[in-house]
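In the working numbering, the protein residues as written are 664 to 1005. C-beta atoms are modelled at their ideal positions from N, C-alpha and C, and glycine is treated no differently. Everything on this sheet refers to the single structure shown next.
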Ligand code: AMP
Ligand code: MG
């Protein structure tokens, strides 16, 4: 990313998110108003996300989602000031589809381009929407699970999953249990609904290693407990949530104690979960910290978070040259400078 000449002629950024199953387009003003946040999600006929099918979905809906976002914002393409896109981390074919749309738009409209780190964007939209300024953040989604906090110019990773992400753990378990992903009810939400009816805590593996955690053994054991048939699906959902959420909460609490920050932020798709919210609210209170959770609309992958992070970078003078706009599948959050934070 290079320093750009400041361009103050316009006032909004269009952001494209396409890192996994969602294709989203958001439009944000330079002072942080979200004018539009539209998306369309690929729902696999069966099994997990098939990267090429997700990419085909994104290519098919891109035109429709772009038009919907521009119409909602009441903005004409020529009135945009900058285009941002999710440059990574994520699935290659999905990311490349969004990047291709973004490059086409900047070439056609003669606009600057900003490549945004997807994980940074989840944190920044959480801060924008809750007013948190310097939180310890638990970012938990279908593809990522990490505890981060800002320190010396970057969001540092204090702890993370050593294998699968929290959302992925819930999704795979749900599929093993025969649950189906329905529009508007992600698999994690289906597990949450069943868990609320669970009563018996089944003992499952609890694996926190230092500040990191592992969820794959928990997933295997929960699936095996269900297959044995001596406990109900509700009880296994309840036990799975209690174990997994306690693990991420323990790591978040230790990061909070270490950094002595005064805010906790929960962001990413799993932030929708009320039980996880309540566990984090307790540890925040115990450390005299304010608990913040990103609003549901901005929890799961969305274009608004890319647009807003694009604004932050662009206002600081950062742009991405076309020949540097290749996607970065494993772009870690702690490799990204965030100079807009003082
Ligand atoms: P993202 O990767 O940020 O788009 O978020 C999608 C992930 O969030 C998927 O793994 C979903 O199952 C998960 N998710 C969505 N709603 C909930 C919920 N209420 N409880 C737990 N997980 C959820
Ligand atoms: Mg998603």
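Under 8 angstroms: does the beta carbon of residue i sit that close to some heavy atom of the ligand AMP?
| i | result |
| --- | --- |
| residue 955 | no |
| residue 851 | yes |
| residue 805 | yes |
| residue 855 | yes |
| residue 963 | yes |
| residue 840 | no |
| residue 720 | no |
| residue 830 | yes |
| residue 933 | yes |
| residue 703 | no |
| residue 921 | no |
| residue 834 | yes |
| residue 939 | yes |
| residue 780 | no |
| residue 713 | no |
| residue 936 | yes |
| residue 906 | no |
| residue 785 | yes |
With a Cβ-Cβ cutoff of 9 angstroms, do residue i and residue j count as a contact?
| i | j | result |
| --- | --- | --- |
| residue 758 | residue 676 | no |
| residue 781 | residue 905 | no |
| residue 762 | residue 778 | yes |
| residue 907 | residue 929 | no |
| residue 977 | residue 745 | yes |
| residue 927 | residue 939 | no |
| residue 915 | residue 861 | no |
| residue 935 | residue 849 | yes |
| residue 747 | residue 973 | yes |
| residue 912 | residue 878 | no |
| residue 753 | residue 682 | yes |
| residue 874 | residue 909 | no |
| residue 730 | residue 964 | no |
| residue 793 | residue 955 | yes |
| residue 817 | residue 997 | yes |
| residue 842 | residue 853 | yes |
Please confirm whether any heavy atom of the ligand MG lies closer than 8 angstroms to the CB of residue i.
| i | result |
| --- | --- |
| residue 875 | no |
| residue 726 | no |
| residue 1000 | no |
| residue 689 | no |
| residue 683 | yes |
Figure out for me which residue from the options has the closest Cα to the Cα of residue i.
| i | options | result |
| --- | --- | --- |
| residue 699 | 690, 824, 986 | 690 |
| residue 959 | 985, 788, 970, 827 | 788 |
| residue 684 | 909, 839, 966 | 966 |
| residue 696 | 1003, 971, 994, 981 | 971 |
| residue 1088 | 989, 999, 804, 707 | No statement about residue 1088 is possible, as the shown extent of the chain runs from 664 to 1005 and does not include it. |
| residue 867 | 859, 963, 901, 995 | 901 |
| residue 694 | 997, 975, 982 | 975 |
| residue 897 | 740, 840, 810 | 840 |
| residue 832 | 997, 941, 805 | 805 |
| residue 692 | 716, 874, 962, 737 | 737 |
| residue 800 | 835, 792, 816, 821 | 821 |
| residue 1004 | 749, 720, 807, 812 | 812 |
| residue 865 | 961, 722, 899 | 899 |
| residue 721 | 709, 734, 764 | 764 |
| residue 957 | 937, 856, 819, 755 | 937 |
| residue 716 | 903, 985, 755 | 755 |
| residue 923 | 872, 713, 946 | 946 |
| residue 855 | 925, 891, 932 | 932 |
| residue 795 | 952, 674, 893, 986 | 952 |
| residue 637 | 775, 802, 815 | The requested residue 637 is not part of the displayed model; the chain covers only 664 to 1005. |
| residue 903 | 817, 710, 836, 678 | 836 |
| residue 749 | 1001, 989, 997, 1000 | 989 |
| residue 949 | 968, 925, 818, 962 | 925 |
| residue 987 | 710, 776, 711 | 776 |
| residue 674 | 711, 714, 739 | 739 |
| residue 1002 | 713, 710, 814 | 814 |
| residue 838 | 893, 891, 710 | 710 |
| residue 791 | 872, 999, 962 | 962 |
Indicate, with yes or no, if the ligand GTP has a heavy atom lying under 8 angstroms from the CB of residue i.
| i | result |
| --- | --- |
| residue 808 | Absence of the ligand GTP is noted for the structure shown, with the ligand AMP and the ligand MG being the only ligands found. |
Identify every run of the alpha helix (DSSP H) within the stretch 885 to 935, keeping only runs that are complete inside it and at least 4 residues long; order them along the chain. 896 to 922
Assess, as a yes-or-no matter, whether the stretch 879 to 886 is touched by the stretch 754 to 773 under the definition of 3 or more beta carbon pairs within less than 8 angstroms. no
Those runs of the beta strand (DSSP E) which lie wholly inside the stretch 685 to 711 and span at least 3 residues: 685 to 692, 697 to 704
Which residue spans inside the stretch 753 to 793 form an unbroken beta strand (DSSP E) run of at least 3? 776 to 780
Touching or not, the stretch 991 to 1002 and the stretch 711 to 728, by the rule of three or more beta carbon pairs under 8 angstroms? no
At 3 residues or longer, what runs of the beta strand (DSSP E) sit wholly inside the stretch 812 to 850? 817 to 823
Assess, as a yes-or-no matter, whether the stretch 978 to 987 is touched by the stretch 822 to 829 under the definition of 3 or more beta carbon pairs within less than 8 angstroms. no
Can you list the alpha helix (DSSP H) stretches of 4 or more residues lying completely in the stretch 958 to 985, in chain order? 966 to 978
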